[in-house]
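Under the UniProt record's numbering, the very last position in the sequence shown is 234; numbers go up by exactly one each time.
Ideal Cβ positions, reconstructed from N, Cα and C, are used throughout, including at glycine.
Below you'll find the structure, written out as structure tokens, and then a few comments.
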Amino acid sequence: MAATPKKNKRLHLATWVRDRLWSESGGHCQNPECRVDLLSFVKRKHVGELAHIIPASDDGPRAEDGRALTDAERALPENILLLCPTCHVVIDKTPGEYPPPVIHGWKLLSQEARAIAHGTPVFTSRSKARSAIEPLLSANKEIFNQYGPKIDVFDDDRADQWRKQVKATLLPNSKKLLRLLAANRRLLTTDESDTVHIFTLHIQQLQDRHLKGDWMPGSVRFPLAMASIFEDKS
Ligand SMILES: [Zn+2]
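This is how it looks when you write it as structure tokens:
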């Protein structure tokens with residue numbers, strides 16, 4: 001049985017946890033409405049503060065949202081983010097305005113911003129861009145062929161697998177595709193830009209359906225021209 005976190009306690013955070021959070025934040029406050037540069041050094045010291053979502057101590061802000069969490073779980077990067085001193089004070093003084101799902105959302109946005117800014121290659125040729133996106137398109141196509149919805153096929157297992165695969169692989173692949181297409185948009189033809197626009201809408205709707213349960217009728221279909229994007233006839 002895990003030890004219950006005591007009051008007025010501070011947890012020691014491992015170096016790898018600190019490193020992970022500095023990398024995840026890119027050195028900027030992880031509140032998306034702030035993004036202040038945490039590396040604005042004052043006498044060689046940075047201004048970043050490690051903030052707990054569920055506090056180390058049982059009497060801290062949002063403690064009631066995480067009674068079941070052990071000391072070890074509270075010290076993991078998933079439960080901590082880097083903030084500027086002002087945002088740290090604001091979320092801890094008004095925890096009702098900043099419940100855990102809101103702050104977890106900040107971390108996701110921060111991870112995404114990092115991937116866009118630093119984790120997406122910018123290619124010098126269409127063929128290199130094609131090589132990067134082709135495996136992602138193929139993997140998604142394979143999932144669709146195996147599990148995707150089909151007219152006149154009503155199979156609960158297939159539908160269940162489809163939902164799982166969309167969340168686990170198809171949507172993450174599609175987000176990578178969208179990042180690659182955005183970073184290399186100067187290599188797209190005008191027609192391809194239009195196709196990417198439709199693909200973006202399609203993925204947005206797929207995400208709304210599968211992650212938010214928003215089943216609006218009249219969805220945008222996958223544009224078939226995506227299959228040959230960046231492809232040049234030789
Ligand atoms: Zn801030």
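CB contact flag (residue i, residue j, <8 Å)
| i | j | result |
| --- | --- | --- |
| Met-216 | Thr-195 | no |
| Pro-85 | Val-122 | no |
| Asp-191 | Arg-126 | no |
| Phe-222 | His-202 | yes |
| Ala-56 | Arg-74 | yes |
| Gln-204 | Ser-219 | no |
Which of helix, strand or coil DSSP assigns to residue i
| i | result |
| --- | --- |
| Val-42 | strand |
| Ala-227 | helix |
| His-88 | helix |
| Glu-49 | strand |
| Ala-2 | Low confidence applies to Ala-2: its pLDDT is 49, below 50, so where it sits in the model is not reliable, and the reading given next is rough at best. If DSSP states are grouped into helix, strand and coil, Ala-2 belongs with coil. |
| Leu-206 | helix |
| Leu-109 | helix |
| His-118 | helix |
| Leu-136 | helix |
| His-104 | helix |
| His-12 | coil |
| Asp-194 | helix |
| Gln-165 | helix |
| residue 236 | Coverage of the chain is limited to positions 1 through 234, which leaves residue 236 absent and any answer about it impossible. |
Check: residue i C-beta below 7 Å from any heavy atom of ligand 1
| i | result |
| --- | --- |
| Asn-31 | yes |
| Thr-94 | no |
| Leu-188 | no |
| Leu-177 | no |
| Thr-124 | no |
| Val-102 | no |
| Val-36 | yes |
| Leu-83 | yes |
| Thr-15 | no |
Closest residue to residue i among the options (Cα-Cα distance)
| i | options | result |
| --- | --- | --- |
| Arg-130 | Leu-21, Ser-23, Lys-167, Ile-229 | Ile-229 |
| Gly-26 | Pro-223, Pro-149, Arg-62, Leu-108 | Leu-108 |
| Leu-38 | Gln-204, Trp-22, Val-90 | Trp-22 |
| Trp-106 | Thr-94, Glu-78, Phe-123 | Glu-78 |
| residue 241 | Phe-41, Arg-67, Leu-83, Ala-72 | Coverage of the chain is limited to positions 1 through 234, which leaves residue 241 absent and any answer about it impossible. |
| Leu-81 | Glu-64, Gly-96, Leu-178, Pro-100 | Pro-100 |
| Glu-24 | Val-102, His-118, Asp-59, Leu-69 | His-118 |
| Arg-114 | Arg-179, Val-220, Thr-200 | Arg-179 |
Check: residue i C-beta below 7 Å from any heavy atom of ligand 3
| i | result |
| --- | --- |
| Leu-181 | With respect to ligand 3, the structure offers nothing, as its ligand set consists of ligand 1. |
Beta carbon proximity, residue i to chain D, threshold 8 Å
| i | result |
| --- | --- |
| Lys-150 | The structure shown contains no chain D; it holds only a single protein chain. |
Three CB pairs or more closer than 8 Å across the stretch 51–71 and the stretch 85–105:
Taking a contact to require three or more Cβ pairs closer than 8 Å, the stretch 51–71 and the stretch 85–105 qualify as touching.
Could you tell me whether the stretch 172–184 touches the stretch 130–150, where touching means 3 or more Cβ pairs closer than 8 Å?
With a cut-off of 8 Å, the stretch 130–150 and the stretch 172–184 count as touching, because enough Cβ pairs lie within range.
For the structure I just gave you, are there three or more beta carbon pairs, one from the stretch 157–167 and one from the stretch 202–221, closer than 8 Å?
With the cut-off at 8 Å, the stretch 157–167 and the stretch 202–221 touch.
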